[in-house]
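All residue numbers for the sequence shown refer to our numbering, where the first residue is 206 and numbers rise by one.
Glycine included, every Cβ here is placed at the ideal spot set by N, Cα and C.
Quick caveat, the model's predicted, so the values are computed rather than measured.
Just below is one structure, and these are the notes that go with it.
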Amino acid sequence: MRKESVINENWYFTDSSDNFGDATFTEWQKINLPHTWNAKDGADEKAGYKRTECMYAKEIFFPGTEETSEYYLEFGAAASECTVYVNGKEAVSHKGGYSVFRANITDLINSGKNIITAKVSNKQSEEVYPQMADFTFYGGLHRSVKLIEVNKTHFELDFRGAEGIAVTSDVLRGGKAVLKITSYVKNADENTVLRYTVSDSAGKTVSEYYENETGKTTEIPMQGVNLWQGIKSPYLYTVKAEIIRFNEVLDTVTVKHGFRSFSVDPEKGFFLNGELTPLRGVSRHGDKLGKGIALDISDHETDCTLILDSGANTVRLAHYQHSREFYDLCDRYGLIVWAEIPFISKMMSGREAHENCVTQLKELIYQNYNHTSIFFWGISNEITIGGSSGELVANLKELNSLAKEIDSTRLTTMAQVSGLPMDDVQNRITDVIAYNHYFGWYSGKTEDNEKWLDEFHRRNPDVALGLSEYGCEGIISYHNSEPASGDYSEEYQSLYHEHMVKILKERPWIWGSYVWNMFDFGSDARDEGGVAGRNNKGLVTFDRKIKKDSFYLYKAAFSKDKTLHICSKRYSVRKDEEISIKVYSNCESVTLTVNGEKIPGEITQGPVFIFEGVKLTEGINLIQAESNGITDTAYIRKTDREPENYQYKELPGKTGVTNWFENKDLKKKRELTFKDGYYSVNNSVNEIMKSEEAGSVLVNAFSSAVGMKLKKSMLMIMGDQTPIEMFNSDLSRNSLKTDASAVLAILNEELQKIKIEN
Numbered sequence: 206m207r208k209e210s211v212i213n214e215n216w217y218f219t220d221s222s223d224n225f226g227d228a229t230f231t232e233w234q235k236i237n238l239p240h241t242w243n244a245k246d247g248a249d250e251k252a253g254y255k256r257t258e259c260m261y262a263k264e265i266f267f268p269g270t271e272e273t274s275e276y277y278l279e280f281g282a283a284a285s286e287c288t289v290y291v292n293g294k295e296a297v298s299h300k301g302g303y304s305v306f307r308a309n310i311t312d313l314i315n316s317g318k319n320i321i322t323a324k325v326s327n328k329q330s331e332e333v334y335p336q337m338a339d340f341t342f343y344g345g346l347h348r349s350v351k352l353i354e355v356n357k358t359h360f361e362l363d364f365r366g367a368e369g370i371a372v373t374s375d376v377l378r379g380g381k382a383v384l385k386i387t388s389y390v391k392n393a394d395e396n397t398v399l400r401y402t403v404s405d406s407a408g409k410t411v412s413e414y415y416e417n418e419t420g421k422t423t424e425i426p427m428q429g430v431n432l433w434q435g436i437k438s439p440y441l442y443t444v445k446a447e448i449i450r451f452n453e454v455l456d457t458v459t460v461k462h463g464f465r466s467f468s469v470d471p472e473k474g475f476f477l478n479g480e481l482t483p484l485r486g487v488s489r490h491g492d493k494l495g496k497g498i499a500l501d502i503s504d505h506e507t508d509c510t511l512i513l514d515s516g517a518n519t520v521r522l523a524h525y526q527h528s529r530e531f532y533d534l535c536d537r538y539g540l541i542v543w544a545e546i547p548f549i550s551k552m553m554s555g556r557e558a559h560e561n562c563v564t565q566l567k568e569l570i571y572q573n574y575n576h577t578s579i580f581f582w583g584i585s586n587e588i589t590i591g592g593s594s595g596e597l598v599a600n601l602k603e604l605n606s607l608a609k610e611i612d613s614t615r616l617t618t619m620a621q622v623s624g625l626p627m628d629d630v631q632n633r634i635t636d637v638i639a640y641n642h643y644f645g646w647y648s649g650k651t652e653d654n655e656k657w658l659d660e661f662h663r664r665n666p667d668v669a670l671g672l673s674e675y676g677c678e679g680i681i682s683y684h685n686s687e688p689a690s691g692d693y694s695e696e697y698q699s700l701y702h703e704h705m706v707k708i709l710k711e712r713p714w715i716w717g718s719y720v721w722n723m724f725d726f727g728s729d730a731r732d733e734g735g736v737a738g739r740n741n742k743g744l745v746t747f748d749r750k751i752k753k754d755s756f757y758l759y760k761a762a763f764s765k766d767k768t769l770h771i772c773s774k775r776y777s778v779r780k781d782e783e784i785s786i787k788v789y790s791n792c793e794s795v796t797l798t799v800n801g802e803k804i805p806g807e808i809t810q811g812p813v814f815i816f817e818g819v820k821l822t823e824g825i826n827l828i829q830a831e832s833n834g835i836t837d838t839a840y841i842r843k844t845d846r847e848p849e850n851y852q853y854k855e856l857p858g859k860t861g862v863t864n865w866f867e868n869k870d871l872k873k874k875r876e877l878t879f880k881d882g883y884y885s886v887n888n889s890v891n892e893i894m895k896s897e898e899a900g901s902v903l904v905n906a907f908s909s910a911v912g913m914k915l916k917k918s919m920l921m922i923m924g925d926q927t928p929i930e931m932f933n934s935d936l937s938r939n940s941l942k943t944d945a946s947a948v949l950a951i952l953n954e955e956l957q958k959i960k961i962e963n
């Protein structure tokens, strides 16, 4: 029978790969897994983080090996390239930082002490995705490692990290369904029999079936099935598959399975089991303050609980394969999942890079095929930031066809960058599509969101449209009684999301919408609002300890749990004698008292209740909201002046201007000339940003060219691109307010005045 043991404890780690031959580990650090060497530097205030090659090692003792057994090591993930050795001999090599891979170590182990060594790298690579994106590329063995012992005849463990069994179903009318099971068995013979047992949620056996053929899809008729109805009723059955030979069970695998059907209608929206169910949720990155990407099961449970508490019924797990434990939680609690690969921002040239993309898609689907919660396979995110081409379109079509070939039971999708034209051919590749839009934050006004969405829907009535990202920064230290885009205040973040909630409620045909992001997350290149090293768009802080006001807005708008929340509690020192007080609630009406006195009239305009003209007295004021027996309390101190640190003060040079070309003749003919030792448009963004002066020139030029006040940190995300590549991309060409060649010539002319200092 199968024996599995998690071997996360008592590993050795060194940040130098030169110590490969060291068998004593006396100078190595003792650690437990999961582990990343970027837990701190991947989201701190210093630009840059360790992208290097490190070593892990562990001693394993075998009292003796069984001749009838095979032994495997299973790595939950190693970012982003890993080679594993057993007793100095290579066991497996893997490229891709977020998927499971295994090594059959049967012929490499001895009785007694054995040494496992893993060489792991998160170095820049031209062959492994991701390499350009708005998040930190953590390195390390950041998920669990298992030792698996199985009979020589066992469910396949050598195929792309999959489980060796694939389970799906067709839901019919009248409570009927057909359960489909395919098992892949290694070393089967004519005496091999498969037994499939299906149990309900109480553990009662409802079906038992024997199959004599391996590799065949067995169809089992079912009656009276309970459906998996998302967060309303995530009913799961247990499917147990056993390999039997004569009177012995050789191997067992169990899978949780939910019976469900779904569809997306471009005019009506998303349907689950025939019921219109607009998907309203959040995106999630898999990192956390102080831990980086090395999360354990308690971290995943916390995240899932918070997502459910926000009122979400769906989650986009961005921008890579997440841990098996989190997909399990989504199965159990009913969150509908968009799962995707890190084909993001820029397509790398060369067939090897594309093959890595293909491999990561195969691993994502094969490894997670049995998760009921997954409904959508995402094949790319904002991939045209790095430019578009016929090759890119061909690669996207290949990825889409591959996903449909492996799994015809789910839909494919992709997240388009905001500037991609509405009629672009890429919007006709996947089953459904979605866009990332930040109108009201990076550019334009919040009202531009519905204008764009409605126009796309009008022009493409046969395309099912989703909103894959939207959001704005909210830093809980900043407050403003007159919030405005760019002030980073908690109040503006709330106003922005209030508008988005309203337009989403009015448009059920938007099949899915995903707040960017559920949690603040690490993005080392960023420096936003005085908080470096992270993206602050989360509804919850990076440490998961503070829910921002906008969190409660979504809970009030979409959760059935009774919600009552007074906003701006952290805006606790005020200078105004009269203020407005905002309350988020899904109750029918809300009453407010200030210092024990009831504010006249009950307000009935949820989920946003605003009480105008609330008078404050000197000192501390007690604010209480009440509805249906639930209350919330806030305290506001009235003084003559508010703390200066409530307002974000932009440091000069960090944000570009939009009038940089005002005194420059854009029609003047200029040649691109290049002096050695001086900056030019042939230098990468990373190289240019090493100079304060050259960096300011670039950010001013790009901001003016696209009509947006961009941050230096935003351009750093495109660090390996040159200005020529940036300005000649489809994204830039669709956004430029002037001719790209003229912009490049002027930019180059200014950069050529700045000497490169070594």
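Cβ-Cβ separation between Gly818 and Glu783: approximately 5 Å, consistent with a contact (criterion under 8 Å). The DSSP-derived three-state label of Pro426 is strand. Nearest in C-alpha terms to Asn215, of all of Ala244, Ala367, Ile265, Thr241, is Ile265.
A straight-line Cα-Cα distance of about 5 Å links Ile320 and Asn292. Look at the beta carbons and you see the region 751 to 758 touching the region 677 to 693: at least three pairs across the two are nearer than 8 Å. Within the same chain, and ignoring the five residues on either side of Asn392 in sequence, the residues whose Cβ sits closer than 7 Å to its Cβ are Lys357, Thr358. Linking Glu331 to Leu797 through their CA atoms gives a straight-line distance of about 59 Å.
Around the beta carbon of Val736, a 10 Å sphere encloses 16 or more other beta carbons of the protein chains shown; the residue is thus reported as buried.
Here Gln572 is not near Tyr303, since their CB atoms are 7 Å or more apart.
In this structure, the CA atom of Leu441 is about 42 Å from the CA atom of Ile922. Beta-bridge analysis with DSSP links Gly717 to Leu484. When DSSP states are grouped into helix, strand and coil, Cys677 belongs to the coil group. For Pro439, the pairing in a beta bridge is given by DSSP as Trp433. Its chain contains Asn213, Trp216, Leu346, Ser349, Val350 as the residues whose beta carbon lies nearer than 7 Å to that of Leu238, once the 5 sequence neighbours on both sides are disregarded; these appear in chain order.
Sorting Leu484, Lys255, His240 by C-alpha distance to the C-alpha of Asp729 places Lys255 at the top.
Note on the region 525 to 583: whole beta strand (DSSP E) runs with a minimum of 3 residues are 541 to 545, in chain order. At a Cβ-Cβ threshold of 7 Å, Gly474 and Pro666 do not count as neighbours. Taking C-beta separations shorter than 6 Å and ignoring five residues to either side along the sequence, the partners of Ala558 in its chain run Glu332, following chain order. Short of 6 Å from the beta carbon of Met427, and not among the five residues preceding or following it, lie these beta carbons of its own chain, in chain order: Ala382, Leu384.
DSSP, read as helix, strand or coil, puts Gly900 in helix. Here the alpha carbons of Leu432 and Val411 stand approximately 15 Å from one another. At a Cβ-Cβ threshold of 7 Å, Pro471 and Ala669 count as neighbours.
The three-state reading of DSSP puts Arg663 in helix, counting H, G and I together.
DSSP places Met894 inside the alpha helix (DSSP H), whose first and last residues are 890 to 894. Contact between Thr635 and Thr617 is confirmed by a C-beta separation of about 4 Å, below the 8 Å threshold. In the DSSP assignment, Cys287 falls within the unbroken beta strand (DSSP E) covering 286 to 291. When DSSP states are grouped into helix, strand and coil, Ile835 belongs to the strand group. For Gln234, no alpha helix (DSSP H) segment is defined; the enclosing uninterrupted segment is the beta strand (DSSP E) at 234 to 236.
Contact annotation: Thr651 and His702 have beta-carbon atoms that are not nearer than 7 Å.
Looking from the CA of Val622, the closest CA among Thr219, Ala284, Glu674, Ser466 belongs to Glu674.
By the neighbour-count criterion, in which a residue is buried when 16 or more other Cβ atoms sit within 10 angstroms of its Cβ, Leu827 is exposed. The beta carbon of Val904 sits closer than 7 Å to those of Gly861, Leu915, Lys917, Leu920, all from its chain and outside the five residues before and after it, given in chain order.
The region 708 to 727 makes contact with the region 651 to 661; the number of CB pairs closer than 8 Å reaches 3 or more. The beta-carbon separation of Ser585 and Leu601, rounded to 6 Å, stays under the 8 Å limit for a contact. For Val460, the enclosing beta strand (DSSP E) stretches over residues 453 to 462. Residues of the same chain with a CB within less than 6 Å of the CB of Glu610, apart from the 5 flanking positions on each side, do not exist.
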